[in-house]
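J.:
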Amino acid sequence: MQLVEQHVISKSDPRYAAIDTAAFASKNLYNAANYFVRQSFIHQDKYLGYAEIFHLIKRYEAYQALPRKVSNDVLRLLDKIWKSYFAACKAYCEHPE
1 MQLVEQHVIS KSDPRYAAID TAAFASKNLY NAANYFVRQS FIHQDKYLGY AEIFHLIKRY
61 EAYQALPRKV SNDVLRLLDK IWKSYFAACK AYCEHPE
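For the sequence shown, UniProt numbering assigns the number 1 to the initial residue and increments by one for each residue that follows.
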């Protein structure tokens with residue numbers, strides 16, 4: 001079980017603008033990288049791993065809008081999600097019950 005801690009920040013909070021901007025940039029990077037991975041998988045039947053997607057997207061504004069460590073963490077998370085998807089598909093094919 002994972003525990004979640006929630007912090008509610010109102011729009012009047014001085015940190016709100018910075019957090020909102022970072023969340024928006026993170027969402028844009030995730031969606032752009034996911035688009036590249038998905039299109040490669042659909043059209044070329046090839047999965048783009050973390051290193052390949054990093055080299056494709058590192059010059060894009062979506063990657064550069066965040067600090068490098070944060071951008072890399074977003075790409076690593078995307079890689080982990082796709083690997084989990086492939087593992088789930090494989091497990092289902094082996095035991096479809």
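Using N, Cα and C, we set each Cβ at its ideal position, and we do this for glycine too.
#1: Is Q64 helix, strand or coil when you go by DSSP?
#2: Could you give the first and the last residue of the continuous alpha helix (DSSP H) run that contains I42?
#3: For I9, I'd like the list of residues in its chain whose CB is within less than 6 Å of its CB, leaving aside the five on either flank, ordered along the chain.
#4: Would you mind sorting I42 into buried or exposed? The rule is 16 or more other CB atoms within 10 Å of its CB.
#5: According to the Cβ coordinates, are A22 and L66 closer than 8 Å?
#6: How is the alpha helix (DSSP H) around I9 delimited, first residue to last?
#7: Tell me whether V70 sits in a helix, a strand or coil according to DSSP, three-state version.
#8: Output needed for Y47: all residues of its chain with C-beta closer than 8 Å, excluding positions within five of it in sequence on either side, in chain order.
T.: Based on what the coordinates show:
#1: Counting from one through the sequence shown, the residue named residue 64 turns up at place 64. Residue state for Q64 is assigned as helix, using DSSP reduced to three classes.
#2: By 1-based counting over the sequence shown, the position of residue 42 is 42. Counting along the chain, the alpha helix (DSSP H) containing I42 begins and ends at 16-44.
#3: Here residue 9 corresponds to residue number 9 of the sequence shown, with the count starting at 1. Residues Y16 of the same chain have their beta carbon placed closer than 6 Å to that of I9, with the five preceding and five following residues left out of the count.
#4: Working through the sequence shown from its first residue, we reach residue 42 at position 42. Classification for I42: exposed.
#5: Within the sequence shown, numbered from 1, the residue matching residue 22 stands at position 22. Within the sequence shown, numbered from 1, the residue matching residue 66 stands at position 66. Pairing A22 with L66 gives a Cβ-Cβ distance under 8 Å.
#6: In the sequence shown, the residue the question calls residue 9 occupies position 9. Where I9 is concerned, there is no enclosing alpha helix (DSSP H), given that its DSSP letter is neither H nor E.
#7: For this step, residue 70 is matched to residue 70 along the sequence shown. Three-state DSSP puts V70 in a helix.
#8: Looking up residue 47 in the sequence shown gives position 47. Excluding sequence neighbours, Y47 sits near V37, S40, F41, W82, F86.
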